[in-house]
Ligand code: XBP
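In the working numbering, the protein residues as written are 26 to 286.
1. Tell me, to the nearest whole angstrom, how far the beta carbon of residue 177 is from that of residue 78; I am working on the premise that it is less than 8 Å.
2. Say whether the stretch 218–231 touches the stretch 84–93, bearing in mind that this needs 3 or more beta-carbon pairs closer than 8 Å, one atom from each stretch.
3. Helix, strand or coil, according to DSSP, for residue 172 in the structure here?
4. Taking only heavy atoms of the ligand XBP into account, decide whether any of them is closer than 7 Å to the Cβ of residue 80.
5. What number of angstroms, rounded off, separates the C-alpha of residue 135 from the C-alpha of residue 208?
6. Thinking residue 150 and residue 37 are a contact (beta carbons under 8 Å), I'd like their distance in whole angstroms, please.
7. Report the partner residues of residue 227 according to the DSSP bridge assignment.
8. Of the residues 103, 169, 172 and 214, which one's Cα is nearest the Cα of residue 237?
9. Which class does residue 71 belong to by DSSP, given the choice of helix, strand or coil?
10. Please report the distance separating the alpha-carbon of residue 250 from that of residue 269.
11. In this structure, does DSSP put residue 207 in helix, strand or coil?
12. Take every Cβ of the stretch 102–120, pair it with every Cβ of the stretch 250–264, and state whether three or more of those distances are shorter than 8 Å.
13. Taking three-plus beta-carbon pairs below 8 Å as touching, is the stretch 164–178 in contact with the stretch 39–53?
Given below as structure tokens:
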């Protein structure tokens, strides 16, 4: 088994359940603060997550509201204002401890650091949201732990476009890299694959049953080696979290087995 050179993290849904515990709630707080009658329940937010980018999501929803501004220019301005408020509320929720990291995330990050596997962030969420989450959980020097950080402001096109991954690979440097991504959404999987990055999926709240065409492995989360497809060998080991050696096994196998949907 060859070791990995780098691991690229998606943020929303992978590092934490930020969509469920953060963004949706914060959008509703922002609607209220802006005097707007709109509210998104879980079902509606789940539908809207097909659109990458919080501001873009809001604009798409506005198109369904008769009480939204009629001029595109005014809608854009309102979306910018509400989105900025949303990000502030989201950061406040993180600072208040409302959004824990998912189980197994910190342990895998620590293993990467201990074993010299470089890490990157490949997210099309706003940089402020990534900063708020990782500052809270990893400390003020969090950026020093990542060799590449690519966020929504850095790209022209959000996922499923591969740009975020192409940029992350570029920042990791020249030469062939044995790299893997961790995603939770169909758009994220599509983006990684289009950049030729093998991708595994940790299921998240909003994409629990979504089809993930082309992932090299799909499972419930990093905290548990059980419940993954392809299954991980037990090798007489007690149950435990998914580690770098497990991920390397999936990367090795990817040419040998059909990809999972
Ligand atoms: C996640 C997104 C983001 C977040 C909200 O992208 O689509 O829009 O839902 O963040 P990724 P913003 O899958 O790359 O993590 O409001 O900052 O867009």
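Cβ atoms here follow ideal geometry from the backbone N, Cα and C, with glycine treated the same way. Source: prediction; values computed, not measured.
Checking against the coordinates, here is how it stands:
1. In this structure residue 177 is in contact with residue 78, their Cβ atoms being roughly 6 Å apart against a cut-off of 8 Å.
2. The stretch 218–231 makes no contact with the stretch 84–93; the number of CB pairs closer than 8 Å stays below 3.
3. Correct three-state label for residue 172: coil.
4. Within the chosen limit of 7 Å, the ligand XBP reaches the beta carbon of residue 80 through at least one heavy atom.
5. Annotation: residue 135 to residue 208 spans about 19 Å, alpha carbon to alpha carbon.
6. Cβ-Cβ separation between residue 150 and residue 37: approximately 5 Å, consistent with a contact (criterion under 8 Å).
7. Looking at the DSSP output, residue 227 shares a beta bridge with 244.
8. That would be 214, whose Cα lies nearest to the Cα of residue 237.
9. Note: residue 71 maps to helix in three-state DSSP.
10. Spanning the two alpha carbons is a distance of roughly 12 Å.
11. Strand at residue 207.
12. They do not touch, by the three-pair rule.
13. The way I'd put it, the stretch 164–178 doesn't touch the stretch 39–53; fewer than three beta-carbon pairs between them come closer than 8 Å.
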